[in-house]
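So our numbering is basically just the index in the sequence shown, starting at one, shifted up by 9.
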Amino acid sequence: MSFGASGVGSHPGEDHFEALRVVFGELPDLPYLPELPARGVGADLVGRTAALLVELPVEVQPSGWRLASRPGRDHRRAVDHLARDLDGLEEVADGYEGPLKLQVCGPWTLAAAIELRHGDKMLSDQGAVRDLTASLVQGVTDHVESVRRRVPGVTEIVLQLDEPGLPGVLTGTVPTASGFGRLAPVEEWRAEEALRLFPDPVVHCCAPRVPIAMLRRAGVRAVSLDASMLSRRDEEPIGEAIEAGVNFFLGVLPGLDSSLPDVKMIAKTATDLWQRLGFAAEDLQNRVVLTPTCGLAGASPAYAKAALGRLRETAKALRGD
């Protein structure tokens with residue numbers, strides 16, 4: 010895998026050209042298409058991914074995103090945001106050769122966020138979840154093909170599914186649309202079944218209680234998580250996942266402005282975990298990618314740039330360069 014360092018996805022501000030320049034400048038091993046939720050409706054995690062859905066238009070209601078009978082202003086705004094981002098990617102990545110990461114909201118977090126046209130959240134209806142997942146799979150396939158056409162130098166697309174809501178989906182803590190109840194927990198086999206429909210994904214979850222064992226059984230390429238939330242009881246499923254060939258994107262720097270630790274301290278988070286798990290030190294650089302703990306949307310532009318640069322420096326140090 011040997012990508013060294015990357016980011017989670019979101020960035021501060023509204024200038025997508027500047028965000029792209031920062032990403033490609035600071036993260037040459039694995040740049041990505043950044044998301045800028047500060048631009049408003051349609052640029053958020055759910056709206057941006059909803060722009061990819063095939064034959065499932067959405068709109069914004071006071072309670073949040075909801076299925077619509079036809080594409081309207083909110084849906085068009087989300088599509089326009091993504092189109093501008095892709096235009097910027099084509100320009101900034103001109104001449105680039107190497108891998109590229111794309112992030113989309115995963116099917117379970119999406120189903121827990123979007124409401125049916127006249128009812129509860131899509132998560133409450135198994136048939137609706139199947140339709141949503143199929144639509145998302147097709148939308149992601151089309152998105153990947155579009156990026157490959159625009160940036161022909163891309164050698165590999167790394168697909169990241171953002172699933173911050175997955176632990177709540179599995180434990181039954183997702184509130185109903187009314188807010189007065191909770192939706193029934195989803196069986197793990199159903200979650201695995203849906204995730205297997207996506208091609209070799211990285212699954213990102215910066216929430217507590219990441220279902221590492223379930224993700225391993227789902228055959229994901231890598232798990233992306235916040236290292237500061239890990240406890241010793243997480244180490245056994247992490248070790249089992251690594252032995253099964255699963256890699257890890259390890260969040261080792263805060264996503265909000267703070268004093269940046271030096272390279273040695275950042276590296277220590279990864280190396281200490283690796284040593285406790287008992288794996289060979291020389292394998293670390295090929296199995297772990299360093300990232301912020303979560304997206305950088307709440308950070309300042311200066312901090313975002315500095316944090317990504319520090320991650321690049323740390324990855325270089327871990328490679329022994």
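No residue lacks a Cβ here, since even glycine has one placed at the ideal position from N, Cα and C.
query: D96, DSSP secondary structure in three states; result: helix
query: L175, enclosing alpha helix (DSSP H) - first and last residue; result: 175-180
query: Inter-residue Cα distance where the pair is V255 and I247; result: 9 Å
query: 8 Å Cβ shell around L62 - same chain, five flanking residues per side excluded; result: L141, S144, L145, G148
query: Pairwise C-alpha distance: F189 and G318; result: 45 Å
query: Three CB pairs or more closer than 8 Å across the segment 256-272 and the segment 293-310; result: yes
query: Beta-carbon proximity of L36 to H20, cut-off 8 Å; result: no
query: Rounded distance between the beta-carbons of K110 and L29, thought under 8 Å; result: Not confirmed; about 13 Å, so no contact.
query: Beta-carbon gap between E244 and L179 smaller than 8 Å; result: no
query: Beta-bridge pairing of Y41 - partner residues as DSSP gives them; result: K110
query: Cβ neighbour criterion (16 or more within 10 Å) applied to K273; result: exposed
query: Beta-carbon proximity check, P43 vs V55, cutoff 8 Å; result: no
query: Assigned secondary structure, G260 (DSSP; H/G/I helix, E/B strand, else coil); result: strand
query: Buried versus exposed call for P116 [16 or more other C-beta atoms within 10 Å across all chains shown]; result: buried
query: According to DSSP, residues forming a beta bridge with C214; result: L234
query: Stretch-stretch touch, CB-based, cutoff 8 Å, three pairs: the segment 203-212 with the segment 162-173; result: yes
query: Beta-bridge partners of Q169, as assigned by DSSP; result: Q112, V211
query: Inter-residue spacing [alpha-carbon to alpha-carbon] between E291 and Q112; result: 29 Å
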